[in-house]
Amino acid sequence: MGNVDSGPVEETKSTRKLATRWTDSLLDFSEMQLFEYLKKNSPTYMFYIEYEYYQLGKDEEWYQSQCRELEFDKIRIKREIHLQRIRGTNDSPFDPEDLDTINSLQKPCLEEVMLHRIFNVRLYARINKNKTYLVGVDVATGTNNDNTAITIVDPYTEQAVGEFKSPLISVPDICTFLRLLIRDIVPKGVLCIERNSLGDAVIELLKSTEVSYNLYYDSDAFLIGSPDEKLDEKGFIKREAENRKSFGVFTNAKSREVMMAILMRLVAEQKDAFAVSYVIDDMNNLIRKASGKIEARPGEHDDNIMSFLIAMYVLYHGKKLYKWGFIRGGTPLDDNLKPMKYEDVYNEMPDDMRELFPAPEPEKDPYEEELRRAIYESQQQRQNFSEDDTSVVKMEKELDTNYNKMLEEDDYTADVDDFFSDINS
Numbered sequence: 006m007g008n009v010d011s012g013p014v015e016e017t018k019s020t021r022k023l024a025t026r027w028t029d030s031l032l033d034f035s036e037m038q039l040f041e042y043l044k045k046n047s048p049t050y051m052f053y054i055e056y057e058y059y060q061l062g063k064d065e066e067w068y069q070s071q072c073r074e075l076e077f078d079k080i081r082i083k084r085e086i087h088l089q090r091i092r093g094t095n096d097s098p099f100d101p102e103d104l105d106t107i108n109s110l111q112k113p114c115l116e117e118v119m120l121h122r123i124f125n126v127r128l129y130a131r132i133n134k135n136k137t138y139l140v141g142v143d144v145a146t147g148t149n150n151d152n153t154a155i156t157i158v159d160p161y162t163e164q165a166v167g168e169f170k171s172p173l174i175s176v177p178d179i180c181t182f183l184r185l186l187i188r189d190i191v192p193k194g195v196l197c198i199e200r201n202s203l204g205d206a207v208i209e210l211l212k213s214t215e216v217s218y219n220l221y222y223d224s225d226a227f228l229i230g231s232p233d234e235k236l237d238e239k240g241f242i243k244r245e246a247e248n249r250k251s252f253g254v255f256t257n258a259k260s261r262e263v264m265m266a267i268l269m270r271l272v273a274e275q276k277d278a279f280a281v282s283y284v285i286d287d288m289n290n291l292i293r294k295a296s297g298k299i300e301a302r303p304g305e306h307d308d309n310i311m312s313f314l315i316a317m318y319v320l321y322h323g324k325k326l327y328k329w330g331f332i333r334g335g336t337p338l339d340d341n342l343k344p345m346k347y348e349d350v351y352n353e354m355p356d357d358m359r360e361l362f363p364a365p366e367p368e369k370d371p372y373e374e375e376l377r378r379a380i381y382e383s384q385q386q387r388q389n390f391s392e393d394d395t396s397v398v399k400m401e402k403e404l405d406t407n408y409n410k411m412l413e414e415d416d417y418t419a420d421v422d423d424f425f426s427d428i429n430s
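The letter at position 24 of the sequence shown is residue 29 when you use my numbering, and the numbering goes up by one with no holes.
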């Protein structure tokens, strides 16, 4: 039953594919709201519900007892307890042991965030809103029930940390979703959108929104395609408005080959990079054809693995990512990090470098600043009085006269001298 290519799995494949995944946040929805959610996410109006044993109240003792009954057979444990469907044929481009390890490294979903009460984003790590993330976007063409797929990649760890997919989402809804994703989850996310026909439409719509800064663009011909691909058969420039700033990620046979090379390297050297459910599911469905091309097996899709690879492609081959706050080899800002003062930066510099910058001014006493401000305000108020106001001038002269008279009548200095003389005698 747990074999991907077995009869029962094949027969129920389309039912599972067209159902939308259940999330516990839907428990708060009314019947009408659930209907609207299904309408937007499942062509068959069906939920696919799956829980791990610990989510159903089973403890570790129960798990160990089940493993003993299965004689600690890893394959049977994955199939019968964890309900993982494992490939049983040899057409996968990956070594069975590598694929088995990748499946075992899948992280549990840490949080599910519902955007606009329609779009359910699955997160597998704590999101730092001060950190730059790469958001790979594979926009569905609307054929063969493929999905619009989105994968959030942490460029510092090179791991997938979030995902989304939908077979029904429209272009306006994609734009709404991406704007909400940036606003509520990854404010510094870089939107790496595949430039297919619908991807171009999404990019153009987002250019006039508040997330235009988040759109990835690159002038490198390696990422935007060759000049020949920008000219029609008569040599006229095609779609120059889109090509002018080279927004998005251009995909063709050459770039896809590079993406597959990235995929194979990660499988060999960094198996924990995939980490998330939809991406790993797509990997289990990849096959290598007789021509050597890697693609999804018939009846399956590779949308999520492609959205992941689009983000990784930008990470490895994109230029000037520092414009969005990512510096390779750097350290991301912490949520609670306070901005450094110039004095702190200056003190951290080597001695020879300090000579190139002015020394920081000493911090002023806040009390002195407050006193200076009060005196300044008092002076401003006095200047507001008219010099022709004789009553004010007369009052000031009387105060000065009385003050001088008081000083003449009371010799405070003599009193102080007498006081110290008595003490010293």
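All C-beta atoms in this analysis are idealised placements derived from N, C-alpha and C, irrespective of residue type, glycine included. This structure is a prediction, so every number in the text was calculated from the model and none was measured.
- CA-to-CA, the gap between residue 34 and residue 253 works out to about 36 Å.
- Rounded to the nearest angstrom, the gap between the Cα atoms of residue 140 and residue 277 is 18 Å.
- When secondary structure is reduced to three states using DSSP, residue 307 falls in the coil class, being assigned neither helix nor strand.
- Taking C-alpha positions only, residue 211 is separated from residue 176 by approximately 11 Å.
- Counting the other Cβ atoms within 10 Å of the Cβ of residue 335 gives fewer than 16, which makes it exposed.
- Taking C-beta separations shorter than 7 Å and ignoring five residues to either side along the sequence, the partners of residue 267 in its chain run 314, 317, 318, 321, following chain order.
- Beta-bridge annotation (DSSP): residue 197 is paired with 141.
- Within the DSSP secondary-structure output, residue 275 pairs in no beta bridge.
- With a contact defined as Cβ atoms closer than 8 Å, residue 48 and residue 172 qualify at about 7 Å.
- Per DSSP, reduced to three states, the secondary structure at residue 119 is strand.
- Spatial neighbours of residue 194 in its own chain (CB-CB distance under 8 Å, excluding positions within 5 residues in sequence) are listed in chain order as 137, 138, 139, 140, 157, 186, 187, 219.
- Within the same chain, 143, 151, 152, 154 come within 6 Å of residue 308 by CB-CB distance, once the 5 residues on both sides are set aside.
- In terms of CA proximity to residue 129, 167 leads the group 97, 167, 265, 103.
- According to the DSSP secondary-structure assignment, residue 97 is paired through a beta bridge with no residue.
- DSSP places residue 316 within a helical segment (H, G or I) once states are collapsed to three.
- Judged by DSSP in its simplified three-state form, residue 361 adopts coil rather than helix or strand.
- Per the C-alpha coordinates, the member of 59, 292, 312, 298 positioned closest to residue 304 is 292.
- Residue 286 carries a helical assignment under DSSP once its states are collapsed to helix, strand and coil.
- By the criterion of a C-beta distance shorter than 6 Å, residue 28 is surrounded in its chain by 117, 125, once the five residues flanking it on both sides are discounted.
- Note on residue 145: 16 or more other CB atoms within 10 angstroms of its CB, so buried under the neighbour-count rule.
- Here the alpha carbons of residue 274 and residue 223 stand approximately 28 Å from one another.
- About 29 Å separates the Cβ atoms of residue 363 and residue 135, ruling out a contact at the 8 Å cut-off.
- Under the DSSP assignment, residue 330 falls outside any alpha helix (DSSP H); it carries neither an H nor an E label.
- Residue 306 counts as buried, since at least 16 other C-beta atoms from the protein chains shown sit within 10 angstroms of its C-beta.
- By the beta-carbon neighbour count (other beta carbons within 10 angstroms, threshold 16), residue 288 is buried.
- In the three-state reduction of the DSSP assignment, residue 176 falls in the helix class.
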